[in-house]
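For the record, the sequence lines run as chains A, B, C and D. Numbering (the UniProt record's numbering) for the first sequence: 1 to 232. Numbering (the UniProt record's numbering) for the second sequence: 1 to 232. Numbering (the UniProt record's numbering) for the third sequence: 1 to 232. Numbering (the UniProt record's numbering) for the fourth sequence: 1 to 232. Every residue, glycine too, gets a C-beta built ideally from N, C-alpha and C. Just so you know, these numbers come straight off a predicted model, no measurement behind them. Have a look at the structure below before the remarks.
4 protein chains.
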Amino acid sequence: MQSRTRSVRAGRPRSAAADAAILAATRAALVELGWSKLTLGDVATRAGVAKTTLYRRWAGKSELVVDAVAGLFDELRLPDRGSLAADLEGVVLQFARILARPEAQSGLMAVIAEATRDEALRNRIRASIVDRQKRLVLEGRARAQSRGELPREPDPEEAARTADLIFDMVAGTVVHRTLVSAEPADEAWVRHFTRVLLTGLRSGGPPEPSPLPRNPGGREGGTARAEGDSGD
Amino acid sequence: MQSRTRSVRAGRPRSAAADAAILAATRAALVELGWSKLTLGDVATRAGVAKTTLYRRWAGKSELVVDAVAGLFDELRLPDRGSLAADLEGVVLQFARILARPEAQSGLMAVIAEATRDEALRNRIRASIVDRQKRLVLEGRARAQSRGELPREPDPEEAARTADLIFDMVAGTVVHRTLVSAEPADEAWVRHFTRVLLTGLRSGGPPEPSPLPRNPGGREGGTARAEGDSGD
Amino acid sequence: MQSRTRSVRAGRPRSAAADAAILAATRAALVELGWSKLTLGDVATRAGVAKTTLYRRWAGKSELVVDAVAGLFDELRLPDRGSLAADLEGVVLQFARILARPEAQSGLMAVIAEATRDEALRNRIRASIVDRQKRLVLEGRARAQSRGELPREPDPEEAARTADLIFDMVAGTVVHRTLVSAEPADEAWVRHFTRVLLTGLRSGGPPEPSPLPRNPGGREGGTARAEGDSGD
Amino acid sequence: MQSRTRSVRAGRPRSAAADAAILAATRAALVELGWSKLTLGDVATRAGVAKTTLYRRWAGKSELVVDAVAGLFDELRLPDRGSLAADLEGVVLQFARILARPEAQSGLMAVIAEATRDEALRNRIRASIVDRQKRLVLEGRARAQSRGELPREPDPEEAARTADLIFDMVAGTVVHRTLVSAEPADEAWVRHFTRVLLTGLRSGGPPEPSPLPRNPGGREGGTARAEGDSGD
DNA sequence: TTGTAACCGAGACGGTACGTCGCGTCTTGCT
DNA sequence: AGCAAGACGCGACGTACCGTCTCGGTTACAA
C-alpha cells in the first residue's frame, strides 16, 4: 500500500517559505538591477537559498521572472464604480500603476521577448499573467451588460473576438505608453484613452466586408501633396 | 611633421561593406537564434568580420540590434488609399507584417526591455525606430484634415496629446496582439481594430469631466460620483 | 523480508545486511566507474539503502573504499608449496591477481593518495590492508627459517627492518608493474621477480659503510650463481 | 600568400609566462591542499590567470597535475660515483628525496589512480614521468657494462625485460616505502635496499623453466652462507 | 615611392554567470 | 528509533560570452 503513498510524497517536503523568499528576492533584484543584470546566483543569495534550490523549482531566469512578475498583478481588481466608463478607468489606472513599478517594467518586456522564441514560456505567461487580466475584461463587460450599458452580443465568437481586441488595446496601449513612449500613464491620460476606447466600442459593431469608403470622385484636394500617388 | 598635423582622416578608412554585412548578419542571427542566444562573436563570424571591428562601431548588443531592427521599419510608407480609414488600415497592416517577422519580434521587445534601464538606449530607440513611425501618424492626420475627414485641432498641445495617444494605441495594440496574445494581426483583425479606433477618435474630443456620451439606462448621477472625486 | 517477522521492534534489523550490501555495491561501483566517478549517492542507491544509513557507518568516500578494498585481500593465503621460493612465488602471484582486478586498481591508489594528507586514513589503511599483507611476510620467513632455508636473525630490530624492506619490495614492485608500467604481472614475470628478490635477500645482510664492490676485474663465481644451482 | 601564414599563427600568441605560473601555482596548491582539495579555480587565482586560460591548455585536473609533477623529476641525474652500486644509491636517493616532497606525494598517486581508468592519461604519465626515469636505468646499466661490472646481455628482449623489472623494483619499492609504509627512505635504507637489489641482479640470470625445486627434504648450507658475512 | 596611421582577421586574455553535480546534513512519513 | 526518500546549503565543475588586448598584416592618403 505504501508504494503509492511513497511515490506521491516521500522525503523532506519543499520549503514553502523558500518559494516566497525567492520570488520576493527576484522582484527586489529586478528593481535594483533590471532584467539583464539580474543573475540567479544573486537572487539565491538574496533569498538566503542555494542556487540548486532555485533551479529545482524554476527552469531558468525567464520562468522565475514570469512568476515573480505575475504576483504583481494579483492586486488587480475590478472596482464597481457604478458605470462602465468609471470601472474601465479604474482598472486601466490600476494596470498603469503596476506597470509604472520598475520590477514590472524590467521584467515584463524581457520575458515577452523571450517568449517569442519559446512556446512553453508563452503559455506560462498567458496562464500566469495574461488570462488573469483578461478575466477582468470579461467581468467588466458582463457587468456593463447587466447594467444595460452594453448590448448582449448574440454571437459568442464575435463576443470573444471583441473581448480579445479590447484586451489587446488596453494592455498594449498602456504598455506602449509606459515603456516605449516612456510617458506617465496618469489619470488624465487614462481618462482620455478610455473615452476614446469606449466611444469606439459603443459604435463599433462587427467588421464589415467593405471597409473602403470608396470616396466618389477620387481624392479631395487636400491629399494633393501626398507622396502616395504611386502607391496602390 | 605628421605628428602635429591634424589630418582629419588618416589611416585606412572603415569598410562601408562591413557595416552592411554586420547588420545583415545580426538580422539573420535574430531570425535563427533570437535575442537571448544571439552572441556578438557569432554575428562577427557570420559577417566575416573580427569581433574588434564590430566593437569599434557599436557599443554592445543592444545598440547593434536597435540599428539592425530599425532597418526593418524603413519600408513603412503612408499609402494614399483615398480615405483616412483605408490609409490607417494600410499602415497598420504594414506595421503588423513587419512585426510578424521573427527578427523584429525577437529584437524589438528585448531592446525595449533593456531601454527601461538605459536612458541613452531609450533615446536611440526613439530616434531610430519610434519617431519614424510616429511621423506617419502626423502625416496621416494632416492628410485626413485636408480631406476634411478630421477637424483641425486648434490647440497644438491637445493635438500632440492626441497624436501620441493614437500612436500608442496603434503600435501598442498591434504589438500586444502579435507578441503577447500571439495571434495573427491579419486583414480582418486590422479592419476591426481600425474601425473601433477611428470611431473613437471621430467622437473623442478633449477630455471632459463626464465621458459617458449616452446612457440608455438613464443613470446620469452615477457617473458623477464615479469620476475623480471618489478616488479609490 | 526480515522486517515483517518482527514488527515489535523497529530497530536496526538490516544493520548487518546493509553493511555487506553497501560494501558490495561499493566494489561494483568501483569496477564500473572507478574512484573518481564513484559517488556515495550512487552506492547508496545500488545497495538499496538511504544515504543517511551509509553516513551513519562511514565518515566518507575514503573510509568506505578502504573497507571495500580491504575485503579483497581477505583471500590472501600463505600457501605451503614446500620451499621459500615456491611459497613466495605463490603469494606474489595471488597479490598480483588481486591487483589485476579493477576494483582494487581504482580504489587502492586513490585511498593511498588521500592518505598522504590524512593521518587517520593512513592508519586505517595500515590496519585494514597493509598489516594483513605484511603478516604473510613474517609467516613466510618463520616457515623458511623452520625449514632451514633462512637463518634466524638474532637482532630483532634488523629482522623487522628486513621484513619491512621485503614487504615494500614485493608490494611496491607488483603495484608499480601493474599500475604504472601497466604490464601484466603474470607467472613468468613473478618467477623472474621472486628469483631476483630471493637471491638478493639470501646474500643481503645488514647495511655496511662501504658499499663499493670494487672488483673491476671480474666476478667471483660464488656470488654469481649463488642461488641458481638450487633450482636445477 | 598570407593564407598560409595566417593558418600557422594568427591572433594573439599564448603567454609563455602563463604556463609557468600555472604549473608553479599547481605545485604550491598541491603542497598546501593536496590533490583532493586542489581546485582548478584556486590554481587559476594563484597563478593570476583566468580559469579559461587554464582550460585552454589542459583538459582537466589530472593532466595539469601530471605536468606539474613531471617538472619535479627534471632534476633527476645519473651521477658518476665510480661504481654501479654507488651510482644506483645516488639515483635512488635522489628519487626518494623527490618523493618526500609533499607535492609529489599528493599528486603522483592520485594521477596514477586516475590513470587506471584513462588510457590517454596513462600514456601522458608514461611520456612525461616514467620514461624519463627509466632512461636512467638504461644509462646506468650501460655505464656499468662499460666498466665491466655487469655482463653484456646478448638477448635484447631479455635485456629489456630485466631493465623493466629493475625499474619497477626501484620505483615501486621507494614509492611504497614512502607513501604506503610512510617511513623515510633515508640513506641507510637506500643502502640496504640497493645492496639487496644489486645482489639479486648480479646473480639473477634469465628466468628458468622449472622454478619449483620441489625437494621435500629441504635445503641446507649453501643458502645459509649468503646471510651473515657478506660475500660482497 | 615611401611613411604612417588607422584599419583588418584572428584569437588569447581576465572575467562573470551559467546550469549541473556531488557532498554531507536535515526533515519528513512509514514501519 | 531506525529507515527510504529526498530537499537543503554549499561549493566546484567545465562551458560560453563578454569586452579588451595583442599580434601580423593591409590599405589609403600625404610627403
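According to the DSSP assignment, V137/B belongs to the alpha helix (DSSP H) that extends over D131 to R147. Pairing R161/B with D118/B, the inter-Cα distance amounts to about 25 Å. DSSP, read as helix, strand or coil, puts E153/D in coil. With respect to the 8 Å criterion, V66/A and T26/A are not classified as neighbours on the basis of their beta carbons. Its chain contains L78 as the residues whose beta carbon lies nearer than 7 Å to that of E139/B, once the 5 sequence neighbours on both sides are disregarded; these appear in chain order.
Relative to the Cα of L33/A, the nearest Cα in the group T45/B, T116/B and T53/B belongs to T116/B. For I22/D, no chain C residue has a Cβ inside 9 Å of its Cβ, as the nearest lies near 21 Å away. At least 8 Å separates the CB of F73/A from every CB of chain B. For I112/C, the closest Cβ of chain D is nearer than 8 Å. Less than 8 Å separates the beta-carbon of V180/A from that of A171/B. With 16 or more neighbouring CB atoms inside 10 Å of its own CB, A29/D falls in the buried class. Using a Cβ distance threshold of 8 Å, E149/D and S83/D count as a contacting pair. Between the region 125-144 of chain A and the region 87-98 of chain A, the count of Cβ pairs shorter than 8 Å is three or higher; the stretches touch.
Residues V91, Q94, F95, I98, R132, Q133 and L136 of the same chain have their beta carbon placed closer than 8 Å to that of L76/A, with the five preceding and five following residues left out of the count. The beta-carbon of A171/C is placed less than 8 Å from the nearest beta-carbon of chain D. Taking 8 Å as the CB threshold, S128/C stays off the interface with chain D. Neighbours of T26/D across chain C, judged by C-beta separation under 7 Å, do not exist; the nearest C-beta is about 15 Å away. Collapsing the DSSP output to three states places R195/D in a helix.
DSSP places E63/D in the helix class (H, G or I) of the three-state scheme. Any Cβ of chain D closer than 8 Å to the Cβ of V180/C would place that residue at the interface, and such an atom is present.
Counting the other CB atoms within 10 Å of its CB gives D80/D a total below 16, which places it among the exposed residues.
Annotation: I112/B to R122/B spans about 7 Å, alpha carbon to alpha carbon. For a Cβ distance threshold of 7 Å, residue set T116 of chain C lies close to Q105/D, ordered along the chain. Under the criterion of beta carbons closer than 8 Å, F73/D and I129/D qualify as touching, at roughly 6 Å.
Taking 8 Å as the cut-off, the Cβ atoms of E114/D and S36/C count as close. Between V175/D and H192/C, the gap from beta carbon to beta carbon reaches 8 Å or more.
By the beta-carbon neighbour count (other beta carbons within 10 angstroms, threshold 16), R141/B is buried. The three-state reading of DSSP puts L179/C in helix, counting H, G and I together. Contact between L38/C and L54/C does not hold, since the beta-carbon distance rounds to 12 Å and is not under 8 Å.
Residues of the same chain with a CB within less than 6 Å of the CB of V31/B, apart from the 5 flanking positions on each side, are P102 and E103 in chain order. Nearest CB-CB separation between F193/A and chain B: below the 8 Å threshold. Here T39/B carries a coil assignment [DSSP, helix/strand/coil]. For T116/D, the secondary structure class from DSSP, reduced to helix, strand or coil, is coil. In this structure, the CA atom of R56/D is about 36 Å from the CA atom of A59/C. Under the Cβ distance rule, L99/A does not count among the residues neighbouring chain B, no pair being separated by less than 8 Å.
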